[in-house]
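Novice:
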Amino acid sequence: MHQSVLLHEVIENLNLAPGKKILDCTLGGGGHARAILEEITPGGKLIGIDQDEGALSIAAGNLKDFGDEAIFVHGNFRNLNSIFNKLDIGEVDGILFDLGLSSLQLEEKERGFSIKLDGPLDMRMNKRQKLDAAQLLNSLSELEIADILKRFGEERFAKRIARAIVRRRPVRRTRELIKLVVNAVPYKARHGRIHLATRTFQALRIAVNDELESLSSGLDAAVRFLKKNGRICVISFHSLEDRIVKNRYKDYKMKNILKIITKKPLTPQDEEVLVNPRSRSAKLRVAEKV
Numbered sequence: 001m002h003q004s005v006l007l008h009e010v011i012e013n014l015n016l017a018p019g020k021k022i023l024d025c026t027l028g029g030g031g032h033a034r035a036i037l038e039e040i041t042p043g044g045k046l047i048g049i050d051q052d053e054g055a056l057s058i059a060a061g062n063l064k065d066f067g068d069e070a071i072f073v074h075g076n077f078r079n080l081n082s083i084f085n086k087l088d089i090g091e092v093d094g095i096l097f098d099l100g101l102s103s104l105q106l107e108e109k110e111r112g113f114s115i116k117l118d119g120p121l122d123m124r125m126n127k128r129q130k131l132d133a134a135q136l137l138n139s140l141s142e143l144e145i146a147d148i149l150k151r152f153g154e155e156r157f158a159k160r161i162a163r164a165i166v167r168r169r170p171v172r173r174t175r176e177l178i179k180l181v182v183n184a185v186p187y188k189a190r191h192g193r194i195h196l197a198t199r200t201f202q203a204l205r206i207a208v209n210d211e212l213e214s215l216s217s218g219l220d221a222a223v224r225f226l227k228k229n230g231r232i233c234v235i236s237f238h239s240l241e242d243r244i245v246k247n248r249y250k251d252y253k254m255k256n257i258l259k260i261i262t263k264k265p266l267t268p269q270d271e272e273v274l275v276n277p278r279s280r281s282a283k284l285r286v287a288e289k290v
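Residue numbers for the sequence shown follow the numbering used here, beginning at 1 and rising by one.
(1) With a cut-off of 8 Å, do at least 3 Cβ pairs link the segment 253–260 to the segment 111–123?
(2) When you compare only the Cα positions, how much space is there between L226 and C25?
(3) Consult DSSP for D118 and reduce its assignment to one of helix, strand or coil.
(4) K300 bridges to which residues according to DSSP?
(5) Can you tell me whether L16 is buried or exposed? The criterion is at least 16 other CB atoms within 10 Å of its CB, across all chains shown.
(6) How would you write the range of the alpha helix (DSSP H) that I40 sits in, first residue to last?
(7) Could you pull out every residue in the same chain whose Cβ sits closer than 7 Å to the Cβ of A60, ignoring the five residues on either side in sequence?
(8) Identify the continuous alpha helix (DSSP H) that holds H74 and give its terminal residues.
(9) Which residue's Cα is closest to the Cα of E110: R169, I165, R175, R167?
(10) Looking at C-alpha atoms only, which residue of A221, K289, R280 is the closest neighbour of K85?
(11) Threshold first: 4 residues or longer. Then list the alpha helix (DSSP H) segments lying entirely within the segment 151–179, N to C.
(12) Tell me whether I11 sits in a helix, a strand or coil according to DSSP, three-state version.
(13) Between L46 and I58, which are expected to be in contact by the criterion C-beta below 8 Å, what is the C-beta distance as a whole number of angstroms?
(14) Would you list the one or two residues that DSSP bridges to K188?
(15) Can you give the Cα-Cα distance for K150 and E39, rounded to whole angstroms?
(16) Is R128 helix, strand or coil when you go by DSSP?
(17) Applying the 10 Å Cβ sphere with the 16-neighbour rule, what's the burial state of H191?
(18) For A134 versus R160, is the C-beta spacing smaller than 9 Å?
(19) Going by C-alpha distance, which of G54, D242, G43 is nearest G30?
(20) In three-state terms, what does DSSP make of G48?
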């Protein structure tokens with residue numbers, strides 16, 4: 001069962017009220033969206049965007065009792081300009097980005113996101129996209145793979161892992177990749193809180209879905225469509241995302257476009273981490289349109 005991360009904090013910081021119009025850029029299973037709709041209806045409107053058609057379909061089913069007060073859009077938030085123009089939405093009162101993978105995506109082995117389940121090396125958020133993780137690993141040079149692992153995974157042993165991958169290609173399944181990563185890491189370094197393959201999987205997922213460029217573009221568009229005094233909430237799960245959000249907020253503050261509400265990011269309470277361990281790395285940053 002998917003549990004929405006930092007749900008209470010999001011609802012509290014979006015300043016919700018009946019009649020407001022809210023944009024959920026990462027709808028997922030609709031957990032945050034349901035809580036938002038309960039606060040903005042009657043009279044409000046939620047626009048939910050997701051590039052994962054499966055998630056969008058599940059969310060539509062979960063939120064069907066809200067009728068036409070919920071609008072569902074298949075798309076990437078990097079394309080907010082065209083989405084807003086097509087729907088003729090105008091400005092919105094609040095915006096949410098939840099950048100984490102959903103439990104639905106992690107638990108479906110065919111998607112290839114999880115280090116716990118054996119499946120094809122896919123990792124596409126949008127199944128209509130042609131490029132997947134296997135194609136990436138089996139076509140790029142050793143240098144290019146190492147660069148991806150270093151840049152997007154901050155992986156210390158990027159060169160060793162890249163060399164191991166290239167020597168054993170083709171690599172087509174998650175279990176194959178995990179074995180290669182574990183064997184490439186020096187024995188003395190095989191300790192720590194996270195799985196040895198976590199950074200490699202993160203890096204590949206970011207590369208396949210062009211996540212960091214999408215985030216930068218999406219944030220810029222979101223700020224443009226936010227009403228005066230409207231709030232933007234972004235939940236990130238690793239330092240690369242959080243750095244982009246933090247710096248974008250600072251840039252817009254310097255231009256007197258945003259006021260930063262959270263001087264330091266909000267993080268889950270111990271009780272939430274206990275119930276949902278995946279939430280432990282979540283950080284929520286909130287800003288307000290001036």
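Glycine included, C-beta positions come from ideal geometry on N, C-alpha and C.
Note that the coordinates shown come from a computational prediction; the quantities given were computed from them, not determined experimentally.
Specialist: Judging by the given coordinates:
(1) no
(2) 13 Å
(3) coil
(4) Only positions 1 to 290 of the chain appear in this structure, which leaves residue 300 out of reach.
(5) The Cβ neighbour count for L16, taken over all protein chains shown within 10 Å, is at least 16; the residue is labelled buried.
(6) Element bounds for I40: 31–40.
(7) F72
(8) From DSSP, H74 is part of no alpha helix (DSSP H) but of the beta strand (DSSP E) over 70–74.
(9) Nearest C-alpha to E110: R175.
(10) Inspection of the sequence shows that residue 85 is occupied by Asn rather than by Lys. Out of A221, K289, R280, A221 has the C-alpha closest to the C-alpha of N85.
(11) 158–168
(12) helix
(13) That belief does not hold up - the Cβ atoms of L46 and I58 are roughly 16 Å apart, past 8 Å.
(14) DSSP lists no beta-bridge partner residue for K188.
(15) 42 Å
(16) coil
(17) exposed
(18) no
(19) G54
(20) strand
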